[in-house]
Each structure stands twice: as structure tokens, then as C-alpha cells.
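Notes to accompany the following structure.
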Amino acid sequence: MPPLHTNLAGIDLRSPVILAAGTCGILDEMRDVIDLGRVGALITKSITPEPREGNQTWRILPAGNAGMLNAIGLANPGLDAFLNSHAPRCAAVPCPVFVSIAGFTTDDYAQCAANIDAYVRDNQGPTTTNIHALELNVSCPNVRTGVEFGHSATLITELLSAVRPLVQTCKLFVKLSPAAPHLQDICRAAINAGADALTLGNTYPAMAIDVNTRTPKLANITGGLSGPAIHPIALKHVYDAHRLHNTPARAAGKPTTPLIALGGIMTWQDAAEFILAGATAIQLGTTLLADPRSPYHITKGLEKWVHKQSRANIAELIGDLRLPGQ
Ligand SMILES: Cc1cc2nc3c(=O)[nH]c(=O)nc-3n(C[C@H](O)[C@H](O)[C@H](O)COP(=O)(O)O)c2cc1C
């Protein structure tokens, strides 16, 4: 088996390197810059039931060595346009496509999930449509409570009890908010409610101020920080999720839930750290904006690492962290 060949929740990927939602276009716009046949999968921009123009500019800013700030506001073409114009083009994308879904009510998520899953089912399934998974972006405020879905185990349970039964053909991933208090309780709620994989995580709440005009630099005032600064924090979340959920499940002979890690991966070493902490696959976000060809360097580096670690396949290194005293 090739060294990076990966099985993610039953989906065969040529590599564990995935392009993250919102950082590689609506669908396959990166095709002009890199050969998408060399990445494991790509994730669409988050799709909402209605089209959204998103926030005013500025909505993307550099944040020095820390990475970048964004407050895009979920600009996307909406569900109908996605189904009519984008979904039929997924079959020609040379890597598996995962569709990201966002919303402000449980019904928003349910509507998108049900319609996209039905599209896949009615068109001969994931192999033909090339749409293999839905990823719920739960870093959105619930209009009823004002609390982000991803910040409450109760809201995640409610959301998945509505959405899980509607998704029969695609795999269902949940992309959690890393700044959530008691994140591991939320991971547990998503696992118990039937998530096929957990994506950990999203951006961290952040802002920047222009001290001359004394105004916030982002039109939305606040936004999300991504890039190198969040990497060590995201790594700890993945390590905790693996240790608290998957290690005990495996010991008890129960199914484990694959973890898809992201946050500030700029080098293959950052990606390899996530694999050792327990991730099955990793996603690239900010690095694509800094260097669109970074998936090549990261893939090549991981391949060499697997070889140097004398392993046949990267799966043998998942969670293979050597702790003091072991
Ligand atoms: C410009 C931009 C747009 C994004 N849009 C989305 C989105 O639509 N849906 C989503 O789930 N995450 C979105 N994200 C978050 C990324 O997918 C990723 O979770 C985050 O940037 C952390 O990874 P990184 O540090 O590798 O960039 C966006 C990030 C950026 C920088």
C-alpha cells in the first residue's frame, strides 16, 4: 500500500492531506494552481440555505507571525446554486469532495444536509458524484440562544439528532469550535450522537485595532485567528480527544472516531505532530493562502517521514506518541 494511503471513516484517500473549508475556493478553484489529484480531498466553502454576500471589507488581514485574521461572514452561493452549478462538477474533481455546511438554526443545517445527501443518493452515490462527506461547521451562533452550536454539548446533541438521520449516503463529520469551554464534553456529545469523524478545529476569536484611527481593523470588529499561533493549542486538543475518547474505546473493543486535525499547519512537521497526537487526516488552511503549493511540500515531507520511521503506512503512526516512562 502507498505510504500515505489513508482510510478516513470508510473513505479511501490517496493521502491524509486535505484542503480546509473556505481556504481553497467554493469548490475547485485551486485547480489552476495545483494538481488536485495530488491531495487527499478538498472541502468546499461552507454552504448555507440562502446565498450570502458576507461581511464588508476589511474581512481578511495579516496578523504578523501569528497568522491571519478573517471575518468573511460565510459568503457563499447558497444551497440551490450549489446543487445546480457546483454539485454536478464534483464528479470531475480529481480528489474526493467533502461539502461544508453552515447555518444559524438546526433547520438550516438539516435543509442543506438532507438536500445534498439526497443529491448524492439520487445520482448513484459517492463514487459517481465524488461527494463523500458532509462537514458541519458548527462555529455559527444559534439565533435562538445566541450561543455558537459548537460551544454547547446540548446544542450539538440537538443538532445531530436532527441531522444524523437525514444523512444516509454521505459520511457526516463535525467541525468543532476550538475555543469552546469544555471542548472534550462537546467532542463526546458529537461522538455519542453519531458523528463519523470529528474535525478539530476552526479559528480562534480574535481582533486587531488601528491605533491611529482608534478603529477595529476588521469591518466586523472581531474575527477568527488562524495560522502558526494556533497550532500548539490545536495540537493539545487533538491529543486530548485521542487520549480521552479513542484510547479508552479501543481498549474496550469499541469503535473509535477518526480525528481530522487542523490549525496552523505550515510544514510537514506540523502535520506529523497531529498524526502522532492521534489524527487520521489533517487539513491545510492558512498555508494555502501563503503558498498554494504547500500541499506538495507537506505531502512529500510526510512520505519521507513514514519511510524514516520504518513504517509501511502513515496509519501505523496515528497516536504513536512516545510518552516519558513508556
Ligand atoms: C479566509 C478563510 C475562510 C474560511 N472559511 C471557512 C468556512 O467557510 N468554513 C469553515 O468551516 N471554516 C472556514 N475557515 C476556517 C479554516 O477552514 C480553518 O479551520 C482555520 O483557518 C484553521 O486552520 P489554519 O490555521 O490551517 O488556517 C476559513 C478560514 C479562512 C482563513
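When the count follows the numbering used here, it moves up by one through the sequence shown with no breaks and lands on 555 for the last residue.
Think of the CB as a built atom: it goes at the ideal place given N, C-alpha and C, for glycine as much as any other residue.
Neighbourhood of tryptophan 287 by C-beta distance below 8 Å, restricted to the same chain and skipping five residues each side: Mapped onto the sequence shown, residue 287 falls at position 58. Within the same chain, Cβ atoms closer than 8 Å to the Cβ of tryptophan 287 are found at Lys446, Leu447, Ala448, the five residues on either side in sequence being excluded.
Beta-carbon contacts of asparagine 284 that lie in its chain and below 7 Å, excluding the five residues immediately before and after: To locate residue 284, count along the sequence shown from 1; it is residue 55. Ala300, Ile301, Gly302, Ala448, Asn449, listed in sequence order.
Check: histidine 460 C-beta below 8 Å from any heavy atom of ligand 1: On the sequence shown, position 231 is the one that residue 460 refers to. Because some heavy atom of ligand 1 lies under 8 Å away, the Cβ of histidine 460 counts as near it: yes.
Cβ neighbours of isoleucine 385 in the same chain (closer than 6 Å, five flanking residues each side left out): The residue labelled residue 385 in the question sits at position 156 within the sequence shown. Answer for isoleucine 385: Ile415, Ala418, Ala419, listed in chain order.
Start-to-end residues for the alpha helix (DSSP H) that takes in alanine 419: Position 190 of the sequence shown, counting from 1, holds the residue named residue 419. Element bounds for alanine 419: 412 to 421.
Check: glutamate 364 C-beta below 8 Å from any heavy atom of ligand 1: Position 135 of the sequence shown, counted from the first residue, corresponds to residue 364. Indeed, a heavy atom of ligand 1 lies less than 8 Å from the Cβ.
Cut-off 8 Å between Cβ atoms - residues of its own chain near serine 275, not counting five sequence neighbours on either side: If you number the sequence shown from 1, residue 275 lands on position 46. Here the set comprises Ala250, Gly251, Leu303, Asn305, Ser329, Ile330, Ala331, Asn366.
Alpha-carbon to alpha-carbon, threonine 476 and glycine 239: In the sequence shown, counting from the first residue as 1, residue 239 sits at position 10. In the sequence shown, counting from the first residue as 1, residue 476 sits at position 247. In a straight line, the C-alpha of glycine 239 is about 19 Å away from that of threonine 476.
DSSP bridge partner residues for arginine 373 (one or two, in chain order): Here residue 373 refers to the residue found at position 144 when the sequence shown is read from its first residue. According to DSSP, arginine 373 bridges with nothing at all.
Distance cut-off 8 Å: threonine 432 Cβ against heavy atoms of ligand 1: Here residue 432 refers to the residue found at position 203 of the sequence shown. Result yes, Cβ under 8 Å from ligand 1.
Terminal residues of the beta strand (DSSP E) in which valine 246 lies: Translated into positions along the sequence shown, residue 246 becomes position 17. 246 to 248 is the span of the beta strand (DSSP E), which, as asked, contains valine 246.
7 Å CB neighbourhood of valine 349 in its chain, flanking five on each side removed: Counted from its first residue, the sequence shown places residue 349 at position 120. Closer than 7 Å at the Cβ level, and outside the excluded window around valine 349, lie Pro355, Thr358, Ile360, Thr398, Cys399.
Three or more C-beta pairs below 8 Å linking the segment 435 to 445 and the segment 258 to 278: no
Alanine 362 and arginine 393 closer than 9 Å at C-beta: Residue mapping note: residue 362 aligns to position 133 of the sequence shown, counting from 1. Residue mapping note: residue 393 aligns to position 164 of the sequence shown, counting from 1. Going by C-beta atoms, alanine 362 is not nearer than 9 Å to arginine 393.
Other residues of its chain near leucine 230: CB distance less than 6 Å, five sequence neighbours each side excluded: Taking the first residue of the sequence shown as position 1, residue 230 is located at position 1. First, the residue type needs correcting, since residue 230 is methionine and not leucine in the sequence shown. Only Asn542 meet the Cβ criterion.
Bridge-paired residues (DSSP) for phenylalanine 327: On the sequence shown, residue 327 is found 98 positions in, with the first residue counted as 1. Paired residue(s): Ile272, Ala362.
Inter-residue Cα distance where the pair is alanine 408 and isoleucine 462: For the purposes of this step, residue 408 is identified with residue 179 of the sequence shown, where counting begins at 1. For the purposes of this step, residue 462 is identified with residue 233 of the sequence shown, where counting begins at 1. Distance between the alpha carbons of alanine 408 and isoleucine 462: 10 Å.
Cβ pair count under 8 Å reaching 3, the segment 233 to 248 against the segment 305 to 320: no
Beta-carbon proximity check, threonine 515 vs methionine 297, cutoff 9 Å: On the sequence shown, position 286 is the one that residue 515 refers to. On the sequence shown, position 68 is the one that residue 297 refers to. A contact, by the Cβ cut-off of 9 Å.
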